[in-house]
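S.K.: Can you read through this structure? Questions will come right after.
Dropping the structure here:
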């Protein structure tokens, strides 16, 4: 078990040096433990007849203290050295020498501590594998041979004061040498084989563990980051996992639903359909609102689980449904526009004839007569209808912008001149401009003029008949790294009511009795065809409304 712990210590290692450092630390610990236990037991078991050869207690104490000091010094050196392999060789060689001293002074061939030679051999197998183990087996065999030779040639030191049977027979010495030497090499071979196998197993296990960690991380990233909501249910119908997208779609946190029955939390997710069909249902979110979701499910084949384990996938269809609704509305508007454009063309010709005939008849009557007044009304209403039809045709069939560089200052001046020449303009209204003369924009000149003119007419109509001021300003701005031209038209009228602000740019929406509801819709259509944005806000400080739009620059 200790041997297995020694090899297992390298599981988190990323290099051979790191492995050696961890193993050397284990060797330090085991050196102290093994030496202390064996010597302690030997002293306790020593009898009065001195059947066990043991040196005086003082010598044992010196030996243990010396070993402890050497181990502490080695542990300190381990923190500063960088070549762990040579340091490992040094440690096991010194262990061999210490064991040799212990065996020599405890009876030589008759010492009970000869077994301690196995410790440096096994240590070398763990640290240095087969080469190190065989080297230590050879060194241990040589050291033991030196002990036998010394014992055969000279008597054991007299400091023991113990009767030792002298080693006088060369045959007995050779017997000791051959048996112990073969044992040392067998231990070296088998321990190195075991160490190498354990090391390979640890390496494979470490690699497998890293692969599993990567797979687990990949699974978690996919599970959490995928845009599709995923819910898994165990055989009892309880929710066992709930990814982030499922939480975003449903409004629940994972902690709110884990362990709960799915038919209690999401009763809308039916299992009556097959997994080949992706039904759509309206799912009730945590706050009570219902959203359209498309979902499917399939069975999970989990080990030891029944066939009732399932996995659900779902997707929020709110955006898709809105897009589908917009497409339907666009198709509907296109069909209506196509039909209405044909009708408008049919109205335009007779309307022009009526207007022309009324103008001719108007000149045949005296200015103060009622007939002349009626003819004037006919001409005015025909002009208004002609303007409405023109706006409708422009909205139903917008032209592709033909962009070029143009001067904003010149375009605004032309728009002001056209507005001043209109029949609804009088001197009670004034126009102020705040536009740099060198400011240019990239747009269709005719369409930009139409945008500004529509906004100025809207500002004029928003102010009462007592008059007011229209302010037109322009500047160049940078937004999200994109250079743009910003144009603004402001008035000092009553502003726009909050309840109408979301509808102000919708086609045919108007708050005026005789309005068409197309002026601002045409502005939005033209601005968006240029890739820009249009919005409005009330001027809370000075009163009135401010309409703004941007045109991107190349």
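Numbering (the working numbering), first residue to last: 30 to 583. Yeah, the Cβ is synthetic: ideal placement off N, Cα and C, and Gly gets one too.
1. In whole angstroms, what is the alpha-carbon distance linking residue 416 and residue 532?
2. How many angstroms separate the CA atom of residue 110 from the CA atom of residue 101?
3. I need the DSSP call for residue 281, collapsed to helix, strand or coil.
4. Below 6 Å CB to CB, which residues in the same chain sit around residue 430 once its five sequence neighbours on both sides are set aside?
5. Would residue 50 be called buried (16 or more neighbouring beta carbons within 10 Å of its own) or exposed?
6. Out of 485, 265, 433 and 504, which one is the CA nearest neighbour of residue 460?
7. Does DSSP put residue 214 in a helix, a strand or coil?
8. Residue 113 lies in the alpha helix (DSSP H); which residues open and close that run?
9. Am I right that residue 516 and residue 481 are in contact with their C-beta atoms under 8 Å? What's the rounded C-beta distance?
10. Nearest CA to the CA of residue 128: which residue from 159, 579 and 143?
11. Using only CA atoms, which one of 337, 406 and 175 lies nearest to residue 263?
12. Do residue 582 and residue 454 have their C-beta atoms closer together than 7 Å?
13. Taking the alpha-carbon of residue 468 as reference, which of 506, 363 and 490 has the nearest alpha-carbon?
14. Measure the alpha-carbon distance for residue 349 versus residue 381 and round it to whole angstroms.
15. Pop quiz: residue 165 and residue 205 are said to be a contact at Cβ under 8 Å. What is the actual Cβ separation, rounded to whole angstroms?
16. Assign residue 431 to one of three DSSP states: helix, strand, or coil.
17. With contact counted as at least three CB pairs below 8 Å, one residue from each stretch, are the region 234 to 252 and the region 306 to 319 in contact?
18. Excluding five sequence neighbours on each side, which residues of the same chain lie with their C-beta closer than 8 Å to the C-beta of residue 130?
19. To the nearest angstrom, how far is the alpha carbon of residue 519 from that of residue 456?
20. Compare the Cα-Cα distances from residue 156 to each of 260, 403 and 221 and report the closest residue.
21. Measuring CA to CA, which of 122, 198 and 267 is closest to residue 161?
22. Assign residue 255 to one of three DSSP states: helix, strand, or coil.
23. Just the C-alpha distance for residue 359 and residue 492, rounded to the nearest angstrom, thanks.
24. State the CB to CB distance for the pair residue 289 and residue 267, rounded to an integer number of angstroms; the pair is presumed to be in contact (CB under 8 Å).
25. Using the DSSP secondary-structure output, state which residues sit across from residue 502 in a beta bridge.
26. In three-state terms, what does DSSP make of residue 326?
27. From residue 209 to residue 95, what does the alpha carbon distance come to, in whole angstroms?
28. Quick one: Cα of residue 572 to Cα of residue 523, how far?
29. Near residue 428, what residues of its chain come up, given a Cβ to Cβ distance below 6 Å and the 5 sequence neighbours on each side ignored?
30. Which stretch, first to last residue, makes up the beta strand (DSSP E) that contains residue 271?
31. Please go through the same chain and pick out, in chain order, the residues whose beta-carbon is closer than 7 Å to the beta-carbon of residue 77, but skip the five residues on each side of it.
32. Less than 7 Å separating the beta-carbons of residue 514 and residue 580?
M.R.: Quick answer:
1. Our two residues, residue 416 and residue 532, have alpha carbons roughly 23 Å apart in a direct line.
2. 15 Å
3. coil
4. 473, 476, 558 and 559
5. buried
6. 485
7. Reduced to three states, the DSSP call for residue 214 is helix.
8. 113 to 133
9. 7 Å
10. 143
11. Here the closest residue by C-alpha is 337.
12. no
13. That would be 506, whose Cα lies nearest to the Cα of residue 468.
14. 46 Å
15. Actually they do not touch by this definition, with Cβ atoms about 19 Å apart.
16. coil
17. no
18. 92
19. Cα atoms of residue 519 and residue 456: separation of roughly 18 Å, rounded to the nearest angstrom.
20. 221
21. 122
22. coil
23. 33 Å
24. Indeed, because the Cβ distance is near 6 Å, the residues count as touching under 8 Å.
25. 463 and 517
26. strand
27. 27 Å
28. 7 Å
29. Within the same chain, residue 428 has no close Cβ partners at all.
30. DSSP places residue 271 inside the beta strand (DSSP E), whose first and last residues are 268 to 271.
31. Here residue 77 scores only 47 on pLDDT, less than 50, and its place in the model should not be relied on; the value that follows carries that caveat. There are no such residues.
32. yes
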